[in-house]
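In the working numbering, the protein residues as written are 20 to 329.
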């Protein structure tokens, strides 16, 4: 089974966590992992090498040149790495016609055999709808009634992507209409591949917005029922920590119901001892409690607990 990931130096750790969850929950499957990156630091590359040596799966690191993306819009929390997805049909070997792209901020909780076995020969790819973005397609000028997919997990028909010239047309769109792209390469892919993709159940890409009851009770509730949103909320096959800090397990303010599973898989990687925003140091906790200002009692209670535990 061929898997492709895209990383930069900041997301290598999270990619390893995702892969750890993939291997653990698919123990009888043989994978080949393609990692697309640019400017990966030596010590991070060495950690990746050590990780794959331990889990006995094959991989390749593909270093790309990003000159085509110099004018691509980015933000304070979205780096150029998000556009690496566009390179997939260009850098994956031509003899491979089908590949599963998995974002780094994901954990795999179950077998993905059923997902992999989907027949996508008549589609550009299979993906789940982007939860909470039901009114968004019109903002990027998609026809009325168009579905908008989340690009964090895609079962890709590489033959179709190559024939549709996704990379070259995507780069052209970035240069011609950068102001249109609020969600970066995800917008690019939705514009280029509109109505050519196969929607799948949300269990294959469970997103935080599913926990917003007002969303589910909205005028779009029938659509969410169609894609089995309840299973995706309660016991998803794949969890996607998409969104801001409160959705990311490595952030202190994360409130995602599956955040603890991230740390379970983190322990299986060379990053197991890494300092995370989500698991603050003693000094970080002191700063956090002091920052509460008027709630000094909370800090004193915390300090008393630490002192008596020594």
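Glycine included, every Cβ here is placed at the ideal spot set by N, Cα and C.
Is it true that the CB of residue j sits closer than 7 angstroms to the CB of residue i?
i, j, result
"residue 173", "residue 146", "yes"
"residue 50", "residue 22", "yes"
"residue 74", "residue 25", "no"
"residue 63", "residue 31", "yes"
"residue 36", "residue 281", "yes"
"residue 129", "residue 266", "no"
"residue 156", "residue 165", "yes"
"residue 40", "residue 127", "yes"
"residue 289", "residue 66", "yes"
"residue 148", "residue 199", "no"
"residue 293", "residue 258", "no"
"residue 102", "residue 79", "no"
Going by DSSP, name the residue or residues bridged to residue i.
i, result
"residue 276", "Answer is none; residue 276 lacks a bridge partner."
"residue 78", "52"
"residue 168", "148"
"residue 258", "126, 225"
"residue 21", "51"
"residue 217", "145"
I need the straight-line Cα distance from residue i to residue j, nearest angstrom please.
i, j, result
"residue 264", "residue 154", "23 angstroms"
"residue 168", "residue 285", "28 angstroms"
"residue 207", "residue 254", "31 angstroms"
"residue 175", "residue 140", "10 angstroms"
"residue 47", "residue 125", "20 angstroms"
"residue 152", "residue 86", "31 angstroms"
"residue 181", "residue 215", "14 angstroms"
"residue 29", "residue 243", "33 angstroms"
"residue 114", "residue 251", "34 angstroms"
"residue 343", "residue 245", "Nothing in the structure corresponds to residue 343, since the chain is present only between 20 and 329."
"residue 27", "residue 161", "31 angstroms"
What do you get for residue i, buried or exposed, if any count of 16 or more other CB atoms within 10 angstroms of its CB means buried?
i, result
"residue 194", "exposed"
"residue 121", "buried"
"residue 187", "exposed"
"residue 108", "buried"
"residue 133", "exposed"
"residue 233", "exposed"
"residue 112", "exposed"
"residue 69", "exposed"
"residue 58", "exposed"
List the endpoints of the continuous beta strand (DSSP E) containing residue i.
i, result
"residue 173", "172 to 176"
"residue 125", "125 to 127"
"residue 117", "117 to 121"
Return the first residue and the last residue of the alpha helix (DSSP H) that residue i is part of.
i, result
"residue 244", "240 to 245"
"residue 194", "185 to 195"
Let me see if you follow: with CB-CB separation under 7 angstroms, is residue i close to chain C or not?
i, result
"residue 223", "The question asks about chain C, but that chain is absent: this structure has only one protein chain."
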